[in-house]
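Enquirer: Right, I'll just put the structure down here and ask away after.
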Amino acid sequence: MNASRIALVTGANQGLGRAFAEGLAARMNPEDLVLLTGRDQRRVTDAAAEVGRLPGARARVEGRVLDVTDTDAIARLAEELRARYGGVDVVISNAVARVLPEDSQAARADEFIDVSNTATHAVLRSFGPVLRPGGRLLVVASSLGTLGHLDPRLHHLFDGASLDQVEYAVESWRSAVHNRTAQEAGWPVWLNVPSKVAQVAAVRAVAAERRGQDLATGTLIASVCPGMVDTATSRPWFSEYSHAQSPTDAARAVLDLVFADHVDPALYGELVRFGKALPWHDGTPPVEQDRILTP
């Protein structure tokens with residue numbers, strides 16, 4: 001990677017996102033910059049100061065307010081980093097909307113889709129072009145993001161789709177939720193399942209267009225599954241936590257991808273968990289009565 005590297009993490013003032021920022025600050029160099037982003041100015045400022053003061057922190061850490069539901073703000077930040085630094089070296093798209101098991105999935109659909117999917121599309125569109133050679137662009141998803149977790153009637157919407165087609169499928173899903181026709185069309189009640197599949201499909205779409213050039217320059221675009229993580233967002237969904245990782249532990253395997261000397265072509269564009277690609281077509285549709293998520 002280039003000297004004076006620039007790293008950006010979304011949804012980074014707490015939980016897994018903060019662990020990513022802490023790990024980047026510890027493993028990057030003093031001349032490098034980690035941008036810790038979130039929606040709330042005070043939380044972002046406090047978190048950046050705390051991460052920068054950690055004993056192991058080496059890189060500079062700055063807080064930046066970024067509401068990922070504002071796609072124009074994402075585009076402006078990408079352009080700013082291009083103009084000021086010539087681009088960006090590491091982007092970890094991590095922001096997620098917190099939904100509780102007792103919440104109405106339909107009522108929370110717009111917020112969830114905007115944070116997880118519309119934002120992912122914007123990050124890929126805006127930061128892909130400013131990712132410097134040798135860089136890393138990673139989208140945090142989950143093992144629910146493999147195609148087999150969707151009803152087979154929906155597979156054609158995402159399998160081999162372009163980013164525009166993925167975006168269209170997501171908006172069609174959103175409309176079906178609002179029109180109360182989602183289940184009839186095969187969409188699961190859980191927002192997390194189609195959302196994660198769409199995130200992985202969006203990454204695959206962008207990666208398919210860039211694969212040759214990126215592999216030639218040691219650049220990696222992928223989605224990642226950190227496994228079961230003990231955070232405020234995930235804890236309400238699990239009945240048993242004995243195997244859950246701390247955010248710090250969960251961040252480690254993802255950061256190993258960031259700092260790997262070489263890009264494994266088998267991981268490029270794929271959903272990666274603990275250093276291995278998960279087969280895109282694997283998985284089975286969830287049983288709606290089972291409220292427990294899979295990491």
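Heads up: the sequence shown begins at 1 in full-length UniProt numbering, then just goes up one per residue.
Even glycine gets a Cβ: it sits at the ideal position worked out from N, Cα and C.
No experiment lies behind these values; they were computed from the predicted model shown.
Nearest-angstrom Cα distance between residue 104 and residue 215?
Expert: Position 104 of the sequence shown, counted from the start, is the residue given in the question as residue 104. Position 215 of the sequence shown, counted from the start, is the residue given in the question as residue 215. For residue 104 and residue 215, the distance between alpha carbons rounds to 43 angstroms.
Enquirer: What's the gap between the Cα of residue 192 and the Cα of residue 47?
Expert: On the sequence shown, position 192 is the one that residue 192 refers to. On the sequence shown, position 47 is the one that residue 47 refers to. Cα to Cα, the separation comes out at about 27 angstroms.
Enquirer: Excluding the 5 residues flanking residue 97 on each side, which residues of the same chain have their C-beta closer than 6 angstroms to its C-beta?
Expert: To locate residue 97, count along the sequence shown from 1; it is residue 97. Contacts found: 111, 112, 115.
Enquirer: Please report the straight-line C-alpha distance between residue 281 and residue 185, rounded to a whole angstrom.
Expert: Along the sequence shown, read from residue 1 onward, the residue named residue 281 stands at position 281. Along the sequence shown, read from residue 1 onward, the residue named residue 185 stands at position 185. Straight-line Cα distance between these residues: approximately 20 angstroms.
Enquirer: Whose C-beta lies closer than 8 angstroms to the C-beta of residue 252 among residues of the same chain, with five residues either side of it excluded?
Expert: As a working mapping, residue 252 is identified with position 252 in the sequence shown. Result list for residue 252: 23, in chain order.
Enquirer: How many Å lie between residue 25 and residue 149 at the Cα?
Expert: As a working note, residue 25 is residue 25 in the sequence shown. As a working note, residue 149 is residue 149 in the sequence shown. Roughly 36 angstroms separates the two Cα atoms.
Enquirer: Is residue 86 helix, strand or coil when you go by DSSP?
Expert: Here residue 86 refers to the residue found at position 86 when the sequence shown is read from its first residue. Coil.
Enquirer: Looking at residue 330: is its Cβ nearer than 8 angstroms to the Cβ of residue 60?
Expert: No information on residue 330 is available, as it lies outside the stretch 1 to 295 that the chain covers here.
Enquirer: Helix, strand or coil: which one does DSSP assign to residue 5?
Expert: In the sequence shown, the residue the question calls residue 5 occupies position 5. DSSP places residue 5 in coil when its eight states are reduced to three.
Enquirer: Tell me, please, which residues DSSP counts as bridged to residue 213.
Expert: Translated into the one-based positions of the sequence shown, residue 213 becomes position 213. Residue 213 pairs with nothing; no bridge assigned.
Enquirer: So, with DSSP's three-state summary, where would you put residue 65?
Expert: To locate residue 65, count along the sequence shown from 1; it is residue 65. Looking at residue 65 - three-state DSSP - the assignment turns out to be strand.
Enquirer: With DSSP as the reference, label residue 37 as helix, strand or coil.
Expert: Reading the sequence shown from its first residue, position 37 is the one you call residue 37. In the structure shown, residue 37 sits in a strand (DSSP, three-state: E or B).
Enquirer: Using the Cβ count rule (16 or more neighbours within 10 Å means buried), how would you classify residue 180?
Expert: Within the sequence shown, the letter at position 180 stands for residue 180. So residue 180 counts as exposed.
Enquirer: Go through its chain and collect everything with a Cβ distance to residue 211's Cβ below 8 angstroms, but skip five positions before and after it.
Expert: Counted from its first residue, the sequence shown places residue 211 at position 211. Here the set comprises 268, 269.
Enquirer: Which of helix, strand or coil does DSSP assign to residue 186?
Expert: Position 186 of the sequence shown, counted from the start, is the residue given in the question as residue 186. If DSSP states are grouped into helix, strand and coil, residue 186 belongs with coil.
Enquirer: Are the CB atoms of residue 58 and residue 94 nearer to each other than 8 angstroms?
Expert: To locate residue 58, count along the sequence shown from 1; it is residue 58. To locate residue 94, count along the sequence shown from 1; it is residue 94. No. Outside cutoff.
Enquirer: Looking at the strands, I want to know which residues DSSP matches up with residue 93.
Expert: Walking along the sequence shown from the start, residue 93 turns up at place 93. The partner list for residue 93 (beta bridge, DSSP) reads 139.
Enquirer: When burial is assigned at 16 or more other CB atoms within 10 Å of the CB, is residue 167 buried or exposed?
Expert: Start at 1 with the first residue of the sequence shown, and residue 167 comes out as number 167. Buried, by the Cβ-count rule.
Enquirer: Along the chain, where does the beta strand (DSSP E) that runs through residue 273 open and close?
Expert: Position 273 of the sequence shown holds residue 273. Secondary structure note for residue 273: its beta strand (DSSP E) is the uninterrupted segment 271 to 273.
Enquirer: DSSP three-state call for residue 247: helix, strand or coil?
Expert: Against the sequence shown, residue 247 aligns to sequence position 247. Reduced to three states, the DSSP call for residue 247 is helix.
Enquirer: Using only the alpha-carbon positions, how far apart do residue 16 and residue 156 sit?
Expert: Residue mapping note: residue 16 aligns to position 16 of the sequence shown, counting from 1. Residue mapping note: residue 156 aligns to position 156 of the sequence shown, counting from 1. Those two C-alpha atoms are separated by around 32 angstroms.
Enquirer: According to DSSP, is residue 267 helix, strand or coil?
Expert: Position 267 of the sequence shown, counted from the start, is the residue given in the question as residue 267. Note: residue 267 maps to coil in three-state DSSP.
Enquirer: Can you look up residue 220 in the DSSP assignment and give me helix, strand or coil?
Expert: Numbered from 1 along the sequence shown, position 220 holds the residue referred to as residue 220. DSSP places residue 220 in strand when its eight states are reduced to three.
Enquirer: Suppose the cutoff is 8 angstroms on Cβ atoms and the five residues either side in sequence are ignored; what does the same chain contact list for residue 284 look like?
Expert: What you label residue 284 is simply residue 284 of the sequence shown in a count that begins at 1. Taken in chain order, the residues that qualify are 148, 149.
Enquirer: Per DSSP, what are the beta-bridge partners of residue 278 in this structure?
Expert: Within the sequence shown, numbered from 1, the residue matching residue 278 stands at position 278. According to DSSP, which records beta bridges pairwise, residue 278 is partnered with 271.
Enquirer: In whole angstroms, what is the alpha-carbon distance linking residue 49 and residue 43?
Expert: Here residue 49 corresponds to residue number 49 of the sequence shown, with the count starting at 1. Here residue 43 corresponds to residue number 43 of the sequence shown, with the count starting at 1. Rounded to the nearest angstrom, the two C-alpha atoms are 10 angstroms apart.
Enquirer: By the 10 Å Cβ neighbour count, where 16 or more other Cβ atoms means buried, how is residue 287 classified, buried or exposed?
Expert: Within the sequence shown, residue 287 is the residue found at index 287, counting from 1. Counting Cβ neighbours within 10 Å, residue 287 comes out exposed, since fewer than 16 surround it.
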